[in-house]
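Numbering (the numbering used here), first residue to last: 22 to 761.
Here a beta-carbon is modelled for each residue, glycine too, at the ideal position from N, C-alpha and C.
Just so it is clear, the structure is predicted and the values come from calculations on it, not from any experiment.
Below you'll find the structure, written out as structure tokens, and then a few comments.
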């Protein structure tokens, strides 16, 4: 089949479909294997004399205690969770290592009877650990900002310790017929022989070869085919996005962006408080916050607010761009947008309040549904998750309505269809968040959890981002529909081709097999390939902003200067945060020592804020410019300019002064003293570590005062201008109607 003149070859579409089917097939296969190879939960654990020490109900009940009290937002298990407190599994394992040594490698679990036999040393350690964790939850300084006497019920503490005991056993006991544990010998604990496996070394080396081959292949393709990338158009340039010209639907989305800016401001202030808990867990400048806003609820809000404001920005940006491309106003569209706005407010405020009530134990048996579900990044209760999906479906319906005219236009049909296909993936791929409960095996949970954290966010949400950026340039008139379609297909193939299976780099140490490690390492390394192309994208963006009309050769004035600046920031931070800092920690040979340290935080901040955050602001600023006239925009632009530089400089200062040096120092401590030590209080209380934590302050101050605050003011000012313009239009219509 050949393409008609002006259209792309259908093989672009076929290649993308094949890429997605292949990637999801492998990922589903790995998910099925997780159920078969997850560390078993024994029906009963007995001591040397046959006395029952704990049961499966104790272990599962302990996991529920762990979740109900929000402890994954205090410490971590198998490296996943918060970094305020210790890694509970690693600290328990170290206590076992001191007591029993390498003998722990022998697996005493009998799959026929479902009985696990503990040695005398393991039984004694379990009893001592009950006392250890009872003491941990007494003082806020010892637990890094948890409320005083947080968990006091002896039965709950015993079940919680049973859960920690199981995670430690799974991390040290060898898999049947293997020389490594269920968690591939993680965490690093040389006292019991938990050292880097041969598979981790092998697949790290082979993944580097795959990376180099992938980069070479893509660069050859870009050298041979000069039409690849963000290329401009020839012929007359006719922008469809004209400042001050907006539909009622577009104006209705401005209130979404106000909420985005306010949620962002709240999120970064809460983030600064979380950072302070690490620097000084006892007091917040003399005030004890732990009783009102303990560290784990603050970190919960820091993560959840980030997800809310970024997703809300994309929802609003999608509606804004769809209305512009569709060119018409469907009946009742504004009412639908307003309904969606109310629904998002209900979910955001309701889930945040529910999370606080949940960890305060005020919801009783409803904690999982309306409180704090307990899983990092997916903390909001299950009922709020269902409401979020319903809201996303409503958003999708509104997009379909707005894009209907564009899908009838031959020149816009393909662009509009790609936009909608990318949008469909947003509610669809959030559904794995519903596939597990509070007692599901931890390995199975982490499988589905990272379908959301990585596949939903870094895969399909990033694809939607690419489509929206391309749509912006298309509506500015500087890219033809054929170039827009090509760049969407190319980026989707590159991102999803590596990123779908690359999701598994989060599963190296969570109870999955070396098969998962092999595939994940190879494809995760190739995720860097499309990110290296972002350096080319930056120059293409500059060229697009300096366009000339291909017919009259006059320069094209593009009033969306700051939109382009934020898009260039997306390219820079995508390469640095996701590319450089992501690659730094994704190889198994590094991840084994690094996962769950400040280097992960360094990658998370630069990738999440630098990529998804900057893109959210690009959409926001584009909408602001579109609904304001030149005089109004001059006042708003001053704030946008300050915010752009404040956000980028503040983020850079966070990285250079604190996160990167702190992460490197912590990695050195892992290599020197073991993982448990680098994640424990002894490391965190060192004077140098404390100083590095305090050095977050300059970057945070610049980020908040000169980044978040000006953008919040700009959003409120834009909303007020929009409302004033709306009143003037209604008054003018009223006057004209009387004259007629």
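**Item:** At least three beta-carbon pairs within less than 8 Å, the region 117–129 to the region 143–151
**Value:** yes
**Pair within 7 Å by beta-carbon distance, residue 687 and residue 611** = no
**Prompt:** For residue 355 versus residue 270, is the C-beta distance shorter than 7 Å?
**Reply:** yes
**Message:** Suppose you measure from the CA of residue 1 to the CA of residue 281; what does that come to, to the nearest Å?
**Reply:** The question about residue 1 has no answer here: the residues shown for the chain are numbered 22 through 761.
**Message:** So for residue 695, helix, strand or coil by DSSP?
**Reply:** coil
**Request:** Assign residue 72 to one of three DSSP states: helix, strand, or coil.
**Result:** coil
**Asked** Cβ of residue 679 within 7 Å of Cβ of residue 709?
**Response** no
**Message:** Rounded to whole angstroms, what is the Cα-Cα separation between residue 386 and residue 172?
**Reply:** 17 Å
**Asked** How many angstroms separate the CA atom of residue 391 from the CA atom of residue 636?
**Response** 31 Å
**Rounded straight-line distance, which links the Cα of residue 423 to that of residue 444** = 13 Å
**Request:** Can you tell me which of the three DSSP states residue 257 falls into?
**Result:** Bear in mind that a pLDDT of 48 at residue 257, under 50, signals an unreliable position, so the number given afterwards is only what the model happens to contain. Three-state DSSP puts residue 257 in coil, outside helix and strand.
**Prompt:** If you run the structure through DSSP and keep just helix, strand and coil, what is residue 308?
**Reply:** strand
**Asked** Mind checking residue 216: buried by the 16 CB within 10 Å criterion, or exposed?
**Response** exposed
**Message:** Once DSSP output is grouped into helix, strand and coil, what is the label at residue 626?
**Reply:** helix
**Prompt:** Run through DSSP, which three-state label would residue 374 get?
**Reply:** helix
**Message:** Tell me which residues share the same chain as residue 404 and place their Cβ nearer than 7 Å to its Cβ, disregarding the 5 neighbours each side in the sequence.
**Reply:** 390, 391
**Item:** Length-filtered (4 minimum) alpha helix (DSSP H) runs lying within the region 418–498
**Value:** 434–449, 463–471, 483–497
**Message:** Quick check on DSSP: helix, strand or coil for residue 831?
**Reply:** Limits of the chain in this structure are 22 at one end and 761 at the other, which puts residue 831 out of reach.
**Message:** Can you give me the C-alpha to C-alpha distance between residue 244 and residue 632, rounded to a whole angstrom?
**Reply:** 27 Å
**Item:** CA nearest to the CA of residue 344, picked from 486, 483, 493, 293
**Value:** 493
**Item:** Residues near residue 587 in its chain [Cβ-Cβ closer than 8 Å; skip 5 each side]
**Value:** 635, 636, 638, 639, 642, 665
**Item:** Validate contact between the region 524–542 and the region 471–487 using beta carbons, cut 8 Å, 3 pairs
**Value:** yes
**Request:** Could you check the C-alpha separation between residue 36 and residue 427 for me, to the nearest Å?
**Result:** 25 Å
**Message:** Taking only three categories from DSSP, how would you classify residue 313?
**Reply:** coil
**Asked** Given a threshold of 16 other Cβ atoms within 10 Å of its Cβ, counted over all protein chains shown, does residue 681 qualify as buried or as exposed?
**Response** buried
**Message:** What does the Cβ neighbour count give for residue 62, buried or exposed, with the cut at 16 atoms within 10 Å?
**Reply:** buried
**Item:** Reference residue 292; option with closest CA among 302, 277, 272, 319
**Value:** 319
**Item:** Helix, strand or coil at residue 297 according to DSSP, with G and I counted as helix
**Value:** helix
**Prompt:** Looking at the structure shown, is residue 166 part of a helix, part of a strand, or coil, going by DSSP?
**Reply:** coil
**Message:** What residue range does the beta strand (DSSP E) around residue 526 cover?
**Reply:** Here residue 526 belongs to no beta strand (DSSP E), and DSSP marks it neither H nor E.
**Asked** Quick one: what does DSSP say residue 105 is sitting in, helix, strand or coil?
**Response** coil
**Asked** What's the gap between the Cα of residue 39 and the Cα of residue 482?
**Response** 19 Å
**Asked** Is it true that the region 599–615 meets the region 653–670, where meeting means three or more beta-carbon pairs spaced less than 8 Å apart?
**Response** no
**Prompt:** Any idea if residue 225 is buried or exposed, counting beta-carbon neighbours within 10 angstroms, 16 or more meaning buried?
**Reply:** buried
**Message:** Only counting the same chain, and skipping five residues up and downstream in sequence, which positions put a Cβ closer than 8 Å to that of residue 622?
**Reply:** 104, 680, 684
**Asked** residue 515: buried (16+ other C-beta within 10 angstroms of its C-beta) or exposed?
**Response** buried
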